[in-house]
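In the numbering used here, the protein residues as written are -5 to 66.
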């Protein structure tokens, strides 16, 4: 499964980034990689069986803090 994930993500990366590199669209390439790399890392960890915690509690705390700032 580990090798399959790497192969699939490598194929997707080549297909998606080649036109951006060819057209010298650096900003779009950086944006794409900022989204693609975390997705790759999380998928790789999941394929290795690493238990990942849910971000729901920290996100809820953050939203509550922001709501308190704007409600005051």
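In this text, a Cβ means the ideal position worked out from N, Cα and C, and glycines have one as well.
Other residues of its chain near residue 41: CB distance less than 7 Å, five sequence neighbours each side excluded: -5, -4 and -1.
Residue 47 in three-state terms, based on DSSP: DSSP places residue 47 in coil when its eight states are reduced to three.
Through-space distance from residue 35 to residue 43, alpha-carbon basis: Their Cα atoms are separated by approximately 13 Å.
For residue 42, which three-state DSSP category applies? Correct three-state label for residue 42: coil.
Where residue 61 sits in the DSSP three-state scheme: Three-state DSSP puts residue 61 in a helix.
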